Amino acid sequence: MDWSKPWFAHFAGRGQRWQRAALASHAALLAEMNADAADTRQTTGRGQRLAFIAQDELPPGAAYEAHIASTGRVPTRHNLHDFFNASMWFAFPRVKAALNARQSAAIDLLGVGPTRGGVRDTLTLFDENALLFACSDPALSAALRGFDWQTLLLQRRDAWGSSCEVRCFGHALLEKLITPFKGCTGHAWIVDVPSAYFEWDAAARDAWLDDAVSAALLTTDALTSRLFAPLPVLGIPGWWPDNETPAFYDDKSVFRSGRRADVKIGASKAG
């Protein structure tokens, strides 16, 4: 993995250490994860202390999210998908706990059926494929909602890093970005941030996002896929060398026009 890529940068230090353990053995990886969990005292959706176990320790018939909520123990396979999933428990611990709390509550209410249902589908989409789009300029958020790629990614290119930025969250999305491709698209959850946000260091910004997004996930009743806006990851300014050329954005199969933009998305905590 190229840890210098911007989609890995916010957890690269831990990720590189875990990668060395993973290359040694599954047991070594779990030990490294559990050492970090013990140090941080992170908890899952119902306040249980976080720990990582091998997938085959999940009891037969147990629902994955319900097991995590009730025991704190996250079944983890020796693969990239679960590697990135575990990473997010440390990069955005409150968001992961909020997702787990909502998922387990939905399972308690409806059980585990042949389909997850709308709320659980939305939570899963967030967990697997979300981007956190932090923005202090409503015009940029509106451009993202409205599929106005020319404004968001070209005309207002200089605003990236001073009025908006992105963090990768979805662990399936991170797995896809091991071998990035132009059409790779995340589901952006828009977070309204104060302008002072961009004066803070990366750790402070991540902590603020963790708090704001987790609160929104716990309090938003009508969770649907329409709360996201699609964002092609390699189109983000500064994230891919080819997008320095304006013609990169002429590909209508990737940078599509889309649905009407009348839905308020994500968390607002800019006051």
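Take 201 as the starting number for the sequence shown in the numbering used here and just add one per residue. Glycine residues also receive a C-beta, built at the ideal position from the N, C-alpha and C atoms. Keep in mind it's a predicted model, so treat the numbers as computed, not measured.
C-beta atoms of residue i and residue j nearer than 9 Å
| i | j | result |
| --- | --- | --- |
| C368 | H210 | yes |
| R220 | D236 | no |
| A339 | R357 | no |
| S453 | G383 | yes |
| R244 | A305 | Here the sequence assigns Thr to residue 244, which means Arg is not the residue at that position. For T244 and A305, no; Cβs fall outside 9 Å. |
| W360 | G438 | yes |
| S425 | D321 | yes |
| L344 | L352 | yes |
| C335 | D421 | no |
Anticipated Cβ contact below 8 Å, residue i with residue j, distance rounded
| i | j | result |
| --- | --- | --- |
| R294 | S414 | 4 Å |
| G317 | L310 | 6 Å |
| A388 | L299 | Going by Cβ atoms, the distance from A388 to L299 rounds to 17 Å, so no, they are not a contact pair. |
| G371 | H281 | Before going on, a small fix: residue 371 reads as His here, not Gly. Indeed they touch by this definition, with Cβ atoms about 6 Å apart. |
| D410 | F292 | 5 Å |
| T271 | Q248 | 6 Å |
| F290 | T240 | 7 Å |
| L323 | L418 | 11 Å between Cβ atoms; not a contact. |
| H278 | L229 | 7 Å |
Of the listed residues the options, nearest to residue i (C-alpha basis)
| i | options | result |
| --- | --- | --- |
| W207 | D236, L258, F283, I436 | I436 |
| A263 | D421, P275, F448 | P275 |
| I390 | P430, A403, R356, A359 | P430 |
| A441 | S304, L250, P380, A342 | The sequence shown places Pro at residue 441, not Ala. Measuring from the Cα of P441, the nearest candidate turns out to be P380. |
| L434 | Y397, D308, W400, L377 | L377 |
| P446 | W349, L423, L250 | W349 |
| A269 | E257, T324, T424, L250 | L250 |
| L427 | S341, S225, H226 | S341 |
Three-state secondary structure assigned by DSSP to residue i
| i | result |
| --- | --- |
| H387 | strand |
| I253 | strand |
| D392 | strand |
| P437 | coil |
| T276 | strand |
| W349 | helix |
| L260 | Before going on, a small fix: residue 260 reads as Pro here, not Leu. Note: P260 maps to coil in three-state DSSP. |
| V366 | strand |
| T322 | helix |
| P430 | strand |
| F333 | strand |
| T244 | coil |
| W360 | strand |
| R456 | coil |
| I268 | helix |
| S287 | helix |
| I378 | coil |
Same chain, Cβ closer than 7 Å to residue i, neighbours up to 5 away in sequence not counted
| i | result |
| --- | --- |
| A286 | M233, F252, V274, T276 |
| Q374 | For clarity, residue 374 is Leu in the given sequence; the question names Gln instead. So the qualifying residues of the chain are W207, F284, C368. |
| A212 | W203 |
| A402 | H210 |
| I307 | A263, E265, A266 |
| N329 | G370, A372, L373, G386, H387 |
Other residues of its chain near residue i: CB distance less than 8 Å, five sequence neighbours each side excluded
| i | result |
| --- | --- |
| S457 | F347 |
| W400 | W408 |
| N443 | L353, L434, G435, I436, P437, Y449 |
Proximal residues to residue i (C-beta, below 6 Å), its chain only, five neighbours per side dropped
| i | result |
| --- | --- |
| D327 | L299 |
| F398 | S362 |
| Q255 | P275, R277 |
| K205 | none |
9 Å Cβ cutoff, residue i in contact with chain B
| i | result |
| --- | --- |
| I253 | Among the chains in the structure shown there is no chain B, since it carries only a single protein chain. |
Near the ligand COA: residue i beta-carbon under 8 Å from a heavy atom
| i | result |
| --- | --- |
| L325 | The model depicted lacks the ligand COA and carries no ligand whatsoever. |
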